[in-house]
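I have placed the structure first, in the form of structure tokens, so that the comments after it can refer back to it.
Protein chains: 2
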Amino acid sequence: MKETKKESAKTSKGEQTRAVILETALELFRERGYEETTMRAIAERAGVALGNAYYYFRSKEHLIQAFYSRIHEERQAPSLELLNKEPDLMKRLLGIMYIMVETIEPYHRFAGVLFRTAADPKSPLNPFSEESEPTRRESIALFAQVLEGSDSKVHKDLKQELPYLLWLYHMGITLFWIHDSSAGRARTYKLIDRTVDILVKLIGLASNPLMRPVRKAALRLAADLRTASA
Amino acid sequence: MKETKKESAKTSKGEQTRAVILETALELFRERGYEETTMRAIAERAGVALGNAYYYFRSKEHLIQAFYSRIHEERQAPSLELLNKEPDLMKRLLGIMYIMVETIEPYHRFAGVLFRTAADPKSPLNPFSEESEPTRRESIALFAQVLEGSDSKVHKDLKQELPYLLWLYHMGITLFWIHDSSAGRARTYKLIDRTVDILVKLIGLASNPLMRPVRKAALRLAADLRTASA
DNA sequence: TCTTCGAATTGAACGAGTTCAAAAATCAAT
DNA sequence: ATTGATTTTTGAACTCGTTCAATTCGAAGA
């Protein structure tokens with residue numbers, strides 16, 4: 001009784017304020033960028049006191065975390081739609097990567113900060129951190145689906161670690177995208193085209209006996225990487 | 001006449017103050033880490049006014065740049081010594097990577113910030129930026145030497161782009177090292193062992209006709225990457 | 001020696017993120 | 001409806017990076 005009422009109270013009043021603050025923040029971030037957006041400006045436009053913003057978000061950085069999960073949600077629908085229709089591995093991977101870029105594109109303006117904080121081991125926003133585990137797990141699962149649902153043969157040794165490696169790959173692409181100031185983000189798309197091509201070629205070649213030592217070595221490596229960050 | 005006198009004046013007085021500030025800063029960074037070190041604290045221990053620190057270093061971040069070149073200098077001697085003695089490619093690459101880690105190890109405490117700022121496209125510390133071009137060029141040249149002086153056959157197609165790719169690789173290792181909190185940085189060394197193994201295997205395999213499409217694709221990719229950041 | 005000009009130095013002041021004690025609002029229980 | 005506790009809200013105050021106008025210092029030229 002006490003519990004539920006408290007919960008609903010928290011939701012109706014608190015959550016509403018929280019939502020307003022977050023919406024306002026993202027709005028301002030898109031308008032002016034991150035550094036240029038003041039906590040005072042957020043509070044003012046949201047119609048709350050400065051301190052109140054800190055009641056809901058421990059720091060300015062913590063606002064970014066909310067942004068993360070939003071992006072993640074927005075990606076789910078188009079990704080699943082693609083994976084249900086397209087059986088060709090190359091097209092699946094290519095499509096997913098394009099979706100990744102398209103969904104995050106409106107925020108390119110403040111993407112620098114996104115990775116700046118993400119690269120800091122101490123930051124909770126760090127994609128390897130405890131705190132981002134849920135999103136990370138879902139994201140890796142998506143790459144597992146890319147492989148599973150395809151009509152290509154993937155060597156069974158790779159089944160285990162490849163999704164994680166693809167997730168790492170997508171982080172690399174994101175890093176490139178952040179630095180990419182070309183028109184229409186042309187360079188990033190080009191990079192995706194080329195790297196996906198290589199990846200699919202390599203995945204195909206992996207079954208070749210000649211590649212066995214490399215394959216084994218790469219798998220040991222992937223396993224290490226994964227446990228190091230876990 | 002005027003020139004030389006001015007120069008020497010700049011050196012004797014200004015440069016000395018500059019040096020004191022930098023030394024003090026690095027000292028404090030090692031002691032307490034970056035975030036915890038105040039510009040006021042640096043100025044105070046260095047025995048100068050706050051504003052004076054800003055006369056020599058445009059910002060707190062710019063102190064890191066000085067750190068970069070110091071690290072780079074410290075790496076030169078042991079690297080060249082190794083490359084003169086050791087002809088085996090695997091051992092050369094392994095040795096260089098170990099030197100990279102060993103020289104930067106005392107600063108692990110504030111390494112997070114190092115990459116945090118480095119990942120920001122706007123930051124002058126960004127390793128892809130205009131401002132870090134000289135150090136980057138030298139660093140890539142070192143990896144070229146690793147290849148050139150070895151007794152392994154490196155496919156001629158690779159000569160052009162491979163040094164750059166190895167530099168990128170060393171950036172990746174550094175990123176891992178930053179996040180590595182294992183005893184004696186054991187995980188980083190293990191990762192180096194495994195990745196160097198794979199790299200040397202791949203470099204060897206690259207001459208195989210079967211690998212031709214992958215090799216060609218990888219080279220196109222490397223060329224793109226390089227021009228994108230230049 | 002005196003003047004002059006640029007380099008070096010100073011410290012007050014500003015802006016922005018963050019903290020915190022106190023006030024206000026909300027809600028459960030009597 | 002009143003009380004008491006808990007959540008929410010407030011805004012002043014603090015810290016720290018950064019800027020800048022003013023001052024001091026040092027040396028070259030008269």
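The listed protein sequences derive, respectively, from chains A and B.
Each residue of the first sequence is one higher than the one before, counting from 1 in my numbering.
Each residue of the second sequence is one higher than the one before, counting from 1 in my numbering.
Glycine included, each C-beta is placed from N, C-alpha and C at the ideal position.
Please read all numbers here as calculations on a predicted model, not as lab measurements.
Next on the checklist: Whole angstroms are fine: how far does the CA of B:LEU94 sit from the CA of B:VAL196?
Outcome noted: If you take the alpha carbons of B:VAL196 and B:LEU94, they lie about 6 Å apart.
Item to check | Own chain residues within Cβ distance below 8 Å of A:MET97, not counting five before or after | outcome: Answer for A:MET97: HIS170, ILE173, ILE192, VAL196, listed in chain order.
Item to check | Collapsed DSSP secondary structure at B:ARG58 in the structure displayed | outcome: For B:ARG58, the three-state secondary structure derived from DSSP is coil.
Item to check | Near-chain B residues of the region 116-138 of chain A (beta-carbon distance less than 9 Å), N- to C-terminal order | outcome: Residues ARG116, THR117, ALA118, ALA119, ASP120, PRO121, LYS122, SER123, ASN126, PHE128.
Checklist entry - Since A:ILE178 and B:PRO124 are thought to touch, with beta carbons under 8 Å apart, how far apart are those beta carbons, to the nearest angstrom? => result Between A:ILE178 and B:PRO124 the beta-carbon gap is near 16 Å, outside 8 Å, which marks them as no contact.
Next on the checklist: Tell me which residue opens and which closes the alpha helix (DSSP H) that B:THR37 is part of.
Outcome noted: Following the DSSP letters along the chain, one finds B:THR37 in no alpha helix (DSSP H), marked with neither H nor E.
Checklist entry - By Cβ distance, which residues of its chain are closer than 7 Å to A:ALA223, with the 5 residues on each side in sequence left out? => result Excluding residues within five positions, the ones whose Cβ falls inside 7 Å are GLU161.
Next on the checklist: Let me check understanding here. Comparing Cα to Cα, which of A:ILE21, A:ARG32, A:ARG220 lies closest to A:THR45?
Outcome noted: As written in the sequence, residue 45 of chain A is Arg, which differs from the Thr given in the question. Per the Cα distances, A:ILE21.
Checklist entry - What's the gap between the Cα of B:THR188 and the Cα of B:VAL154? => result So the two alpha carbons sit approximately 26 Å from each other.
Checklist entry - Excluding the five sequence neighbours on either side, which residues of its own chain have a C-beta within less than 8 Å of the C-beta of A:ARG215, listed in chain order? => result The answer, listed in chain order, is HIS155, ASP157, LEU158, ALA206.
Next on the checklist: Counting beta carbon pairs with one atom in the region 17-35 of chain A and one in the region 51-68 of chain A, are three or more of them shorter than 8 Å?
Outcome noted: In short, these stretches touch, since the Cβ pair count reaches three.
Checklist entry - Are the Cβ atoms of B:GLY33 and B:PHE110 separated by less than 8 Å? => result The Cβ atoms of B:GLY33 and B:PHE110 lie closer than 8 Å to each other.
Item to check | A:ILE42 vs A:ALA53 beta-carbon contact at 8 Å | outcome: Taking 8 Å as the Cβ cut-off, A:ILE42 and A:ALA53 qualify as a contacting pair.
Checklist entry - Among residues of its own chain, excluding the 5 on either side of B:VAL200, which ones have a beta-carbon nearer than 7 Å to its beta-carbon? => result Here B:VAL200 has LEU89, MET90, LEU93 as same chain residues with Cβ atoms under 7 Å from its own Cβ, once five neighbours each way along the sequence are excluded.
Checklist entry - If you measure from the beta carbon of B:THR174 to each beta carbon in chain A, is any gap under 8 Å? => result B:THR174 has a beta carbon lying at 8 Å or more from every beta carbon in chain A.
Next on the checklist: What does the alpha-carbon distance come out to for the pair A:GLY112 and B:ASP151?
Outcome noted: Looking at the backbone, the Cα of A:GLY112 and that of B:ASP151 are separated by about 42 Å.
Checklist entry - Counting along the chain, where does the alpha helix (DSSP H) carrying B:MET211 start and finish? => result No alpha helix (DSSP H) holds B:MET211; DSSP gives it neither H nor E.
Item to check | Three-way DSSP call (helix, strand, coil) for B:SER129 in this model | outcome: Per DSSP, reduced to three states, the secondary structure at B:SER129 is coil, with no helix or strand assignment.
Item to check | Within 8 Å, strictly: CB atoms of B:GLU149 and B:LEU83 | outcome: According to the sequence provided, residue 149 of chain B is Gly. The question's Glu does not apply to it. When the beta-carbon positions are compared, B:GLY149 and B:LEU83 come within less than 8 Å of each other.
Item to check | Contact set between A:ASN208 and chain B, taken where Cβ atoms lie within less than 9 Å | outcome: The answer, in chain order, is LEU210.
Checklist entry - How would you list, in chain order, the residues of chain B whose beta-carbon sits under 8 Å from the beta-carbon of A:ALA217? => result Listed by position along chain B, the residues whose Cβ is nearer than 8 Å to that of A:ALA217 are ARG194, ASP197, ILE198, LYS201.
Checklist entry - How many whole angstroms separate the CB atoms of A:PHE115 and A:LEU175, which I take to be in contact at a CB cut-off of 8 Å? => result About 6 Å separates the two Cβ atoms, so the contact holds.
Item to check | Interface residues of chain A facing B:LYS101 [CB-CB closer than 8 Å] | outcome: Inspection of the sequence shows that residue 101 of chain B is occupied by Val rather than by Lys. Within 8 Å Cβ-Cβ: nothing; B:VAL101 doesn't reach chain A, min ~15 Å.
Next on the checklist: Just to confirm, is the Cβ distance from B:GLN99 to B:PRO78 under 8 Å?
Outcome noted: Note on identity: in this sequence residue 99 of chain B is Ile, with Gln being the wrong assignment. In this structure, B:ILE99 places its C-beta atom within 8 Å of the C-beta atom of B:PRO78.
Checklist entry - If you follow the alpha helix (DSSP H) that B:GLU102 is part of, which residue opens it and which one closes it? => result For B:GLU102, the uninterrupted alpha helix (DSSP H) segment begins and ends at 89-104.
Checklist entry - On the three-state DSSP scale, how would you describe B:SER79? => result Correct three-state label for B:SER79: helix.
Checklist entry - Helix, strand or coil: how does DSSP classify A:ALA25 here? => result In this structure, A:ALA25 counts as helix in the three-state DSSP scheme.
Item to check | A:HIS108 - containing alpha helix (DSSP H), residue span | outcome: Neither: A:HIS108 is in no alpha helix (DSSP H) and is coded neither H nor E.
Next on the checklist: Closest to A:ILE198 by C-alpha separation, out of B:SER182, B:ARG194, B:LEU219, would be which residue?
Outcome noted: A:ILE198 has its Cα closest to that of B:LEU219, out of B:SER182, B:ARG194, B:LEU219.
Checklist entry - Any C-beta of chain A sitting closer than 8 Å to the C-beta of B:ARG220? => result Judged by the 8 Å Cβ criterion, B:ARG220 is in contact with chain A.
Item to check | Enclosing alpha helix (DSSP H) for A:PRO163 [first to last residue] | outcome: Its alpha helix (DSSP H) spans residues 156-179.
Checklist entry - Any idea what DSSP makes of B:GLY47, helix, strand or coil? => result Coil at B:GLY47, not helix or strand.
Checklist entry - Of all the options B:SER182, B:GLN16, B:LEU210, which has the alpha carbon lying nearest to the alpha carbon of A:GLY204? => result Shortest Cα-Cα distance from A:GLY204 to any of B:SER182, B:GLN16, B:LEU210 involves B:LEU210.
Checklist entry - Can you find a C-beta in chain B that's less than 8 Å from the C-beta of A:PRO213? => result Using beta-carbon distances, A:PRO213 counts as an interface residue toward chain B, with a partner under 8 Å.
Checklist entry - Can you tell which of B:SER132, B:LEU166, B:THR38, B:PRO134 has the C-alpha that lies nearest to the C-alpha of B:ALA144? => result In terms of Cα proximity to B:ALA144, the closest of B:SER132, B:LEU166, B:THR38, B:PRO134 is B:LEU166.
Next on the checklist: Can you give me the C-alpha to C-alpha distance between B:PRO106 and B:GLU31, rounded to a whole angstrom?
Outcome noted: Rounded to whole angstroms, the gap between the alpha carbons of B:PRO106 and B:GLU31 is 10 Å.
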